[in-house]
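Q:
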């Protein structure tokens, strides 16, 4: 049997196999944390920063913001998923991700089935501080399995990691 460690999430103990990343532990225990670039079959990129949590190691004086997808769970660690600091960080990340993303959800193919849209409704501020003109990009064909619409890209790299790691293209 593999070695197991126990850490706390929002004050409740969770036991997982040693080496488990915090985001994986949260998902396995039904604790919702938004994430976009993470996929269990792909390498960890940590690009989107949406899975931000506050984490405090046993020797730390105070918790600090960290991305849970790349953070290994450790014995005695404390993780906080819904503090005001975490929620504020998520709002900022989403505001940044949506800076160049078109807000034309009603005509998008993914309308109603889009995690980015769901997260925006849940966490994003009602108005952006950014007023830059949106850039326009061309479609990019990544081979027989993936087409990439760069106008909707939030640079999560899931498509390129899929092509490199799974499709071997």
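Residue numbers (the numbering used here): 223 to 391.
Here a beta-carbon is modelled for each residue, glycine too, at the ideal position from N, C-alpha and C.
Measure the Cβ-Cβ separation of residue 296 and residue 268 and say whether it is below 8 Å.
A: no
Q: Start and end of the beta strand (DSSP E) containing residue 228?
A: It spans 226-231 - the beta strand (DSSP E) in which residue 228 sits, taken as one unbroken run.
Q: Spell out the partners DSSP gives residue 276 in its beta bridges.
A: 287, 302
Q: Report the three-state DSSP secondary structure of residue 249 (helix, strand or coil).
A: helix
Q: What is the rounded straight-line gap between the Cα of residue 254 and the Cα of residue 264?
A: 20 Å
Q: Can you give me the C-alpha to C-alpha distance between residue 315 and residue 374, rounded to a whole angstrom?
A: 16 Å
Q: Within its chain, find whatever has a CB closer than 8 Å to the CB of residue 256; leave out the 5 residues flanking it on each side and keep chain order.
A: Result list for residue 256: 272, 273, 312, 337, 341, 344, 345, in chain order.
Q: Thinking C-alpha only, which one of 380, 292, 388, 379 is nearest residue 243?
A: 292
Q: Between the Cα of residue 383 and those of 259, 333, 317, spot the shortest distance and give me the residue it belongs to.
A: Checking every option, the nearest Cα to that of residue 383 belongs to 259.
Q: Pull up the DSSP beta-bridge partners for residue 243, would you.
A: Note: residue 243 sits in a beta bridge opposite 294.
Q: Got a sec, what are the start and stop residues for the alpha helix (DSSP H) residue 374 sits in?
A: No alpha helix (DSSP H) contains residue 374, which DSSP labels as neither H nor E.
Q: Taking Cβ positions, are residue 327 and residue 339 nearer each other than 8 Å?
A: In contact: residue 327 and residue 339 (Cβ atoms closer than 8 Å).
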